[in-house]
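A.B. asks:
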Amino acid sequence: MFTPLKPIKIDSIYNGLLPDRMAKCTPDMYAAIFALKSRLRSLNSDLVLSDLFRSYEMQFQAHADYVSGKKSAYSPPPGGSMHEAGRAFDLELKLIKKIGLTAFWPIAATFGLKPIINRPDIGLNEAWHFDCRGSHQLVYDYYVARNGDNFASPYTAMAASAIISIGQKVDALGDNVLAGYIQSGLIRLGQNIGDLDGVIGPRARAALTALQIDPSAPIDTIADAIDKKLQEKFPTEFFTPGTTVAADAAPSRLIVNLHATAAVSTSGQAGLQTYRPDPATLQNLGSIVDQLQQATVISNSFVNPPRLLARLQSGELYLDSNLELDTDGWPGGGDQGDPDWQASTSLECPNGDALNANEAPYFVLPLPTTWAAQFGISLGDYAAVFYKQFLAYAVFGDYGPKNKLGEGSIELLRQLGQERIKNNGQVINAGMGPGVITIVFPGSGAAADRTSQATLLTMINQKGPALLGALKAAPVANAA
Ligand SMILES: [Zn+2]
Numbered sequence: 001m002f003t004p005l006k007p008i009k010i011d012s013i014y015n016g017l018l019p020d021r022m023a024k025c026t027p028d029m030y031a032a033i034f035a036l037k038s039r040l041r042s043l044n045s046d047l048v049l050s051d052l053f054r055s056y057e058m059q060f061q062a063h064a065d066y067v068s069g070k071k072s073a074y075s076p077p078p079g080g081s082m083h084e085a086g087r088a089f090d091l092e093l094k095l096i097k098k099i100g101l102t103a104f105w106p107i108a109a110t111f112g113l114k115p116i117i118n119r120p121d122i123g124l125n126e127a128w129h130f131d132c133r134g135s136h137q138l139v140y141d142y143y144v145a146r147n148g149d150n151f152a153s154p155y156t157a158m159a160a161s162a163i164i165s166i167g168q169k170v171d172a173l174g175d176n177v178l179a180g181y182i183q184s185g186l187i188r189l190g191q192n193i194g195d196l197d198g199v200i201g202p203r204a205r206a207a208l209t210a211l212q213i214d215p216s217a218p219i220d221t222i223a224d225a226i227d228k229k230l231q232e233k234f235p236t237e238f239f240t241p242g243t244t245v246a247a248d249a250a251p252s253r254l255i256v257n258l259h260a261t262a263a264v265s266t267s268g269q270a271g272l273q274t275y276r277p278d279p280a281t282l283q284n285l286g287s288i289v290d291q292l293q294q295a296t297v298i299s300n301s302f303v304n305p306p307r308l309l310a311r312l313q314s315g316e317l318y319l320d321s322n323l324e325l326d327t328d329g330w331p332g333g334g335d336q337g338d339p340d341w342q343a344s345t346s347l348e349c350p351n352g353d354a355l356n357a358n359e360a361p362y363f364v365l366p367l368p369t370t371w372a373a374q375f376g377i378s379l380g381d382y383a384a385v386f387y388k389q390f391l392a393y394a395v396f397g398d399y400g401p402k403n404k405l406g407e408g409s410i411e412l413l414r415q416l417g418q419e420r421i422k423n424n425g426q427v428i429n430a431g432m433g434p435g436v437i438t439i440v441f442p443g444s445g446a447a448a449d450r451t452s453q454a455t456l457l458t459m460i461n462q463k464g465p466a467l468l469g470a471l472k473a474a475p476v477a478n479a480a
């Protein structure tokens, strides 16, 4: 029941570890904190916190101090801060100054950590604050799309959802914590129930029925059923990484999830010793080739097994495979080419438009959605894709069959030097490869990046190079 809060031992600005009352967070935030700390240390910086969890009472006091002028930094009243959900931290900015906030943001994004301000200006209030939104991003998106309108902002709705999900009361959601939790769960499971308001109405009941949950069952039975579905869909938010994670280690390497469809293999590690990327890609890959020595091989049973499927030490997914052709979302693909063509893509713009495979460079990852989620990857995340001397950037735009790995859009193949549309408009229904290397950056996407396909195309080419640059700049850790 509920998202657990995990005690954490983490360096603070208060002469030692963060005090116990603040030192709690969700499992996905826990993993993000140590992965980020490890990355910062490799850059001769560090992650030191001044704030993490705040109880209702602590948030009440922080708001009162702001109102009375005792503290100048804005603190919202209880119910509106991601700190109350164990999903926000404030970091010591001094340690980031050398790297600069502009370079730091894409690094934080790699671990699913989002800033709360709009531009990377280290002088701004709240430049120190980062959120781990997890699946509550879906509640944010839901309010951006105006499916509900009872909160001051999509951010406040997201915070309410995150807080109720750890079993904490939120004033705006009334006295019944379970009702609010069920509603938050329904929204995150893709249902449209109108407002998140703590009242299970006809739309929520219809949504429960759609999910094959009996709406007339006792409320805790319903909450348990929702809980089970949430755990399956968002396992990293519920389950603690590894069992023997040292406080100062990077648990991203050790995430072995019981609910995952692919387990981290130890026997497959030997494959790393013999693996060599196509020599023509080496110049673009740079230091990533060295980082491969610290990677964790991921076992799999795909129909055409990739040459290598692994997770880099800093969390990125590394895939060397063929790239099959996906024409989904391209209107021209309806009556030719792939017989499994679909008009839609899993990633859509807010107006419901699909990505057009002939315009947007996107890549495909297999269903179920938990496969990508176990690596912290969601739709809209970015990747760098290498083939021979070509380097392209792409977005995670579509889910594909569960037994296939390695698929990209017409435009992605085009950017990798492989045109698949003939002059007469006919599509050549053929993939490319072998030797296509895809490096996916978990948690790098943002809803604000894809208000339209045009905006998304700009962001792919803005964020892609920044993410790759930050990865290549990270010094390689010693084998010890
Ligand atoms: Zn904060």
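When you number the sequence shown by the numbering used here, it's gap-free, plus one each residue, and the end is 480. All C-beta atoms in this analysis are idealised placements derived from N, C-alpha and C, irrespective of residue type, glycine included.
1. How many whole angstroms separate the CB atoms of Ala64 and Arg54, which I take to be in contact at a CB cut-off of 8 Å?
2. Applying the criterion that 16 or more other CB atoms from any shown protein chain within 10 Å of the CB defines a buried residue, is Ile164 buried or exposed?
3. Going straight from the alpha carbon of Glu411 to that of Phe363, what length do you get?
4. Which residue wins for smallest C-alpha separation from Glu84, given the options Tyr275, Asn284, Asp227 and Thr3?
5. Could you tell me whether the Cβ atoms of Leu208 and Ile222 are closer together than 8 Å?
6. Spatial neighbours of Tyr14 within its chain, please: C-beta separation below 6 Å, excluding the five flanking residues on both sides.
7. Following the continuous beta strand (DSSP E) through Tyr14, name the residue where it begins and the one where it ends.
8. To the nearest angstrom, how far is the alpha carbon of Leu173 from that of Val199?
9. CB-CB under 7 Å to Ile99, same chain, minus the five flanking residues each way: which ones, in chain order?
10. Leaving aside the five residues before and after Thr455 along the sequence, list all residues of the same chain whose C-beta is less than 7 Å from its C-beta, in chain order.
11. Report yes if the C-beta of Ala499 is less than 7 Å from at least one heavy atom of ligand 1; otherwise report no.
12. Below 8 Å on the Cβ atoms is my guess for Thr438 versus Ala383; work out the distance and round it to an integer in Å.
13. For Lys169, does the three-state DSSP call read helix, strand or coil?
14. Can you list, in chain order, the residues of its chain whose CB lies under 6 Å from that of Gln488, leaving out five sequence neighbours each side?
15. So Lys114 is in the beta strand (DSSP E); what residue range does that whole segment cover?
16. In whole angstroms, give me the CA-to-CA distance for Lys472 and Lys9.
17. Which of helix, strand or coil does DSSP assign to Pro331?
18. If you draw a straight line from the alpha carbon of Asp28 to that of Ser444, how long is it in whole angstroms?
19. Alpha carbon to alpha carbon, how far is Ala32 from Leu5? Give it in angstroms, no decimals.
20. Fully enclosed by the segment 48-77, which alpha helix (DSSP H) runs are 4 residues long or longer?
21. Please say whether Gln291 and Leu309 have beta carbons closer to each other than 8 Å?
22. Once DSSP output is grouped into helix, strand and coil, what is the label at Ser344?
23. Taking just the CA atoms, how far does Glu232 sit from Thr370?
24. Which residues does DSSP list as the beta-bridge partners of Pro215?
25. For Val303, which of Val297, Tyr318, Glu324 and Glu316 has the nearest alpha-carbon?
26. From Val264 to Pro106, what does the alpha carbon distance come to, in whole angstroms?
27. With a threshold of 8 Å between beta carbons, is Leu347 in contact with chain C?
28. Could you pull out every residue in the same chain whose Cβ sits closer than 6 Å to the Cβ of Ile377, ignoring the five residues on either side in sequence?
29. In three-state terms, what does DSSP make of Ala384?
30. Can Val385 and Leu347 be called in contact, C-beta distance under 8 Å?
31. CB of His136 to nearest heavy atom of ligand 1: below 7 Å?
32. Is the beta carbon of Asp149 sitting closer than 8 Å to the one on Ala447?
33. Output yes or no for whether 8 Å exceeds the beta carbon distance between Asn358 and Ile421.
34. Which of the three DSSP states is assigned to Thr455 in this structure?
35. Expressed to the nearest angstrom, what Euclidean distance is found between the alpha-carbon atoms of Tyr318 and Gly112?
36. Taking the continuous alpha helix (DSSP H) assigned at Val35, which residues delimit it?
C.D. replies: This is what the structure holds:
1. That belief does not hold up - the Cβ atoms of Ala64 and Arg54 are roughly 13 Å apart, past 8 Å.
2. buried
3. 10 Å
4. Thr3
5. yes
6. none
7. Element bounds for Tyr14: n/a, residue is neither H nor E.
8. 8 Å
9. Leu43 and Ser45
10. Asp449
11. No statement about residue 499 is possible, as the shown extent of the chain runs from 1 to 480 and does not include it.
12. 5 Å
13. coil
14. Nothing can be reported for residue 488: it is not among the residues displayed for the chain, which extend from 1 to 480.
15. Leu113 to Pro115
16. 29 Å
17. helix
18. 15 Å
19. 14 Å
20. 56-68
21. no
22. coil
23. 7 Å
24. None; Pro215 has no bridge partner.
25. Glu324
26. For Val264, the predicted structure reports a pLDDT of 36, less than 50, and the residue's modelled location is therefore unreliable. A value from the coordinates is still provided. Roughly 26 Å separates the two Cα atoms.
27. Structure shown: chain C not included; a single protein chain is present.
28. Val440 and Pro442
29. strand
30. no
31. no
32. no
33. yes
34. helix
35. 17 Å
36. Inspection of the sequence shows that residue 35 is occupied by Ala rather than by Val. Unbroken alpha helix (DSSP H) run through Ala35: Pro27 to Ser42.
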